[in-house]
Amino acid sequence: MRKKDPNFNLTARILHWLMACMIFCMLFIGAFMMTSLDNRPWLIDLHRPLGFAIFLLLIIRFINRIINPQPPLPNHTPSWQRLMANATHWFMYVLIFCLPLIGWAMLSSGNYPIILFGEIELPAITPVSPIWYAFLRTSHSILAWTLFIIVLGHLSMALLHALIYQDGVLTSIVKGKKKVKTEEPTKFEDEPS
105 MRKKDPNFNL
115 TARILHWLMA
125 CMIFCMLFIG
135 AFMMTSLDNR
145 PWLIDLHRPL
155 GFAIFLLLII
165 RFINRIINPQ
175 PPLPNHTPSW
185 QRLMANATHW
195 FMYVLIFCLP
205 LIGWAMLSSG
215 NYPIILFGEI
225 ELPAITPVSP
235 IWYAFLRTSH
245 SILAWTLFII
255 VLGHLSMALL
265 HALIYQDGVL
275 TSIVKGKKKV
285 KTEEPTKFED
295 EPS
């Protein structure tokens with residue numbers, strides 16, 4: 105494992121934004137699958153391979169994160185925010201890892217074929233069981249909504265760092281270089297010189 109770089113490497117940045125787009129699409133595809141009977145079949149055909157691709161990219165991203173640790177947050181970041189940021193990132197990784205596996209198990213227990221890209225059929229990973237299918241379907245939905253909420257929180261914190269703190273956190277994942285606001289703090293009249 106290397107020493108922490110103050111910036112995200114190119115692989116981390118590409119994986120972050122590629123997965124962010126895919127996960128955002130996936131969450132909306134999942135929501136539309138539940139509300140649109142006309143479009144449901146092709147949305148499901150899109151949902152399965154996209155979920156599998158996200159799962160594979162997460163494994164690559166995890167390996168990259170072990171080899172190239174995530175840059176530290178700025179020194180001014182309170183310890184509770186550091187703890188929450190770290191916990192949130194790992195919780196997102198767990199959700200992104202579990203959701204495709206639960207979806208795969210759900211389809212297996214419902215005796216549905218898991219076909220990717222029109223040709224590749226994944227084997228069943230659970231026995232056929234209507235009870236397990238119902239449980240896993242509910243679990244998949246709850247965890248997907250949980251991921252959606254966590255992603256919104258993550259996005260909110262990114263905007264806070266970019267627009268309010270202006271500490272380079274968002275810039276480091278966009279461009280790979282932290283651009284920190286360098287102006288002097290404002291002095292107040294009653295403050296000693």
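Just so we're on the same page, our numbering is the position in the sequence shown counted from 1, plus 104.
Every residue gets a Cβ at the ideal spot worked out from N, C-alpha and C, and that includes glycine.
Taking residue 130 as reference, the option from 227, 169, 248, 201 with the minimal CA-CA separation is 248. Residue 117 places its beta carbon less than 7 Å from that of residue 277.
Judged by DSSP in its simplified three-state form, residue 118 adopts helix.
Under the DSSP definition of a beta bridge, residue 224 partners with 220. The beta carbon of residue 217 sits closer than 7 Å to the beta carbons of 225 from its chain, once the five residues preceding and following it are set aside; these are given in chain order. By the Cβ-count criterion, residue 143 is exposed, with fewer than 16 other Cβ atoms from all chains shown falling within 10 Å of its own Cβ. Taking a C-beta distance under 7 Å as the contact criterion, residue 243 and residue 200 do not qualify as a contact pair.
When only Cα atoms are considered, residue 134 and residue 223 end up about 22 Å apart.
Counting of Cβ neighbours within 10 angstroms places residue 215 among the exposed residues, the total staying below 16. Close CB contacts of residue 151 within its chain, under the 6 Å cut and outside five residues either way in sequence, are with 133 (chain order).
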